[in-house]
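**Student:**
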Amino acid sequence: MAAVAVNGAKLGTASQAYLESRAVSDTKVLISDLCRQFYNLGWVSGTGGSITIKVHDDSVPKPQQLVIMSPSGVQKERMLPEDMYVLSPNGSILSTPSPKPYPHKPPKCSDCGPLFMKAYEMRNAGAVIHSHGIESCLVTMINPLAKEFRITHMEMIKGIQGHGYYDELVVPIIENTAYEYELTESLAKAIEAYPKTTAVLVRNHGIYIWGDSWISAKTQAECYHYLFDAAIKLNQLGLDPSTPIHGPIQNVKGVLGSGIHRNISVNAGTAASDNKSDPSQRCIVLDIEGTTTPISFVTDVLFPYARNNVGRHLSATYDTAETQDDIKLLRSQVQDDLEKGVVGSVPIPLDDVGKEGVIAALVANVESMIKADRKITALKQLQGHIWRTGYEKKELEGVVFEDVPEALKKWHDSGIKVYIYSSGSRLAQRLIFGNSNYGDLREYLSGFFDTTVGNKRESSSYAEIVQSVGVDKPSQVLFVTDVFQEAVAAKEAGLEVIVSIRPGNGPLPENHGFKTVNSFSEI
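Per my numbering: the sequence shown = residues 1 to 523.
Here's what the structure looks like:
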């Protein structure tokens, strides 16, 4: 049996004292209490569903903490703390409950065990919930072709980790199998393919939800079930939960949200309806700099603000988790730059030299990156955090061209989903449109993409966006940019492309072959 380090000692078969400790006991009680609540919500009826929580111990890193897991095939609302299993961090059983007399079945650890362990392993979760709630089952059946559930502009999206009201929530859907453990591989693939998700739906079955703690997992589970119920009811009304205005459903295969209307029938793997609206150009993806916003705003306002305030920002926020994450990304980028001989890169000392020394090196690297206008995630993430402070202090105001607000509203009212794709971070993008010279324009936008999907001059980045926005064909997406190389990459991926001609934009090659516009009113 694998040994686990607890308080400097090895926890193995002889560590009965720790297995009977207050921390383990309290976690068992918590699971039995939660299962009663979940039973009353309809999430774990008929002995289905399960929950697992790690034993929190400040002296033990989360990956090494013990796992408490509910048993399988039992009446979840009648479980007692002594019915729980205790597992090592790698899933080995350390403690088994005692058998109960007839009509109880012999004890058996949850069939969900291998799936729970994947969430612990791949997401460093603190708790995982498996629900058979009817909402999580029905929402996967609305469109049998859907590989994802999508919803946006709902208040409860804010309860899902990493999401806000204006974001589009995307939950992958995997196919059910006869036995729970057979889902392990497909669940792992979904977790890997959707790095932002905290849940995976299983068609005709239920959902797996995880969080950093039991409170996070429970809160998100409640929000997910609410959103599924809302999507089902919107669908019954013929409304699309995946669009900002929740307007009439348009038929798009493979995306739940742009789903099945009451009048749509499914036959031989295709969907048909009385909806005759033209499905072409269902989405528009917009660049920012030189397209929605003057280049001068970025070069003359945003970049100098970030450069002039990077030291102050790092000093004021140095010990926060957010800034430490920024520093970690910058360290990795600078190390790579040093190995490649990138001009302007300087080594970042370790923390033991003191905060001032680390910040001085960070400032030197960031200033060099800004000067070179590098399109790298480490820089863009930090800039976004610096700019956020500027907008909060009213020292910054986003700028868009005068034709942009009217066009966004027109497309929004027509049911066309509009996304932003910029080298700036998603946070920086939201800040520009949320604090613009024409007010908050985010209500007209369905989502934001940054360089985490790939470089803007690579066709694979646009192929990834096509997969994310849920269209049948790449040609149903229109990309608008001022950069010729980006236009070429998007065209190679099959998107429709228009090049934006704005004051201050660079020249285009002769015979470039792209349609151009001077204003969004021409689109």
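Note that beta-carbon positions come from the ideal geometry of N, C-alpha and C, so glycine has one too.
In this text the structure is predicted, and so the values were computed from the model without any measurement.
Just list the residues that DSSP pairs Y318 with in beta bridges.
**Tutor:** Paired residue(s): none; Y318 is not in a bridge.
**Student:** Can you name, in chain order, every residue of its own chain whose Cβ lies under 7 Å from the Cβ of L508, other than the five neighbours on each side?
**Tutor:** Here the set comprises F484, V499.
**Student:** Would you decide whether A378 is buried or exposed? Buried here means 16 or more other CB atoms lie within 10 Å of its CB.
**Tutor:** The residue in question, A378, is buried, as its Cβ has 16 or more Cβ neighbours within 10 Å.
**Student:** Does DSSP put E356 in a helix, in a strand, or in coil?
**Tutor:** Three-state result, E356: helix.
**Student:** Can you tell me whether E148 is buried or exposed? The criterion is at least 16 other CB atoms within 10 Å of its CB, across all chains shown.
**Tutor:** With 16 or more Cβ atoms within 10 Å of its Cβ, E148 is classed as buried.
**Student:** Three-state secondary structure (DSSP) at K417?
**Tutor:** K417 falls in the strand class under three-state DSSP.
**Student:** Indicate whether V400 and T299 have their beta-carbon atoms separated by less than 7 Å.
**Tutor:** No, Cβ-Cβ distance for V400 and T299 is not below 7 Å.
**Student:** Do I209 and I129 have their beta-carbon atoms positioned less than 7 Å apart in this structure?
**Tutor:** Contact: yes.
**Student:** Could you tell me the distance, in whole angstroms, from the CA atom of V480 to the CA atom of L34?
**Tutor:** Taking the straight line joining both Cα atoms gives about 50 Å.
**Student:** Can you confirm whether the segment 138-147 touches the segment 191-210 when touching is taken to mean that 3 or more C-beta pairs between the two stretches lie within less than 8 Å?
**Tutor:** Touching, yes.
**Student:** Just mark I420 as buried or exposed, buried being the case when its beta carbon has 16 or more other beta carbons within 10 Å.
**Tutor:** I420 should be labelled buried.
**Student:** So what does DSSP say about M559, is it helix, strand or coil?
**Tutor:** Residue 559 lies beyond the residue range present for the chain, which begins at 1 and ends at 523; the question has no answer from this structure.
**Student:** Given that a residue counts as buried once 16 or more other Cβ atoms are within 10 Å of its Cβ, and exposed if not, what is D373?
**Tutor:** It counts as exposed.
**Student:** Let me know the secondary structure DSSP gives V298 once reduced to three states.
**Tutor:** Helix, per DSSP.
**Student:** If you reduce the DSSP assignment to three classes, tell me which class P71 lands in.
**Tutor:** In this structure, P71 counts as strand in the three-state DSSP scheme.
**Student:** How would you call V60, buried or exposed, if buried means at least 16 neighbouring beta carbons within 10 angstroms?
**Tutor:** Result: buried.
**Student:** Whole angstroms is fine: what's the gap from N437's alpha carbon to S461's?
**Tutor:** Looking at the two C-alpha atoms, the distance is approximately 30 Å.
**Student:** With a threshold of 7 Å on Cβ separation, who are the neighbours of Y181 within its own chain once the five nearest residues in sequence on each side are excluded?
**Tutor:** Closer than 7 Å at Cβ, skipping near neighbours: D111, P114.
**Student:** Exposed or buried, R442, counting other C-beta atoms within 10 Å across all chains shown (16 or more means buried)?
**Tutor:** Classification for R442: buried.
**Student:** In whole angstroms, what separates the C-alpha of D325 from that of L314?
**Tutor:** Straight-line Cα distance between these residues: approximately 12 Å.
**Student:** So for I142, helix, strand or coil by DSSP?
**Tutor:** In this structure, I142 counts as coil in the three-state DSSP scheme.
**Student:** Look at E155 and D229 and say whether their C-beta atoms are less than 7 Å apart.
**Tutor:** No, they are not a contact pair.
**Student:** My assumption, with CB atoms under 8 Å, is that I359 sits in contact with F303. Please give the rounded CB distance.
**Tutor:** Incorrect: roughly 20 Å between the Cβ atoms, too far for contact.
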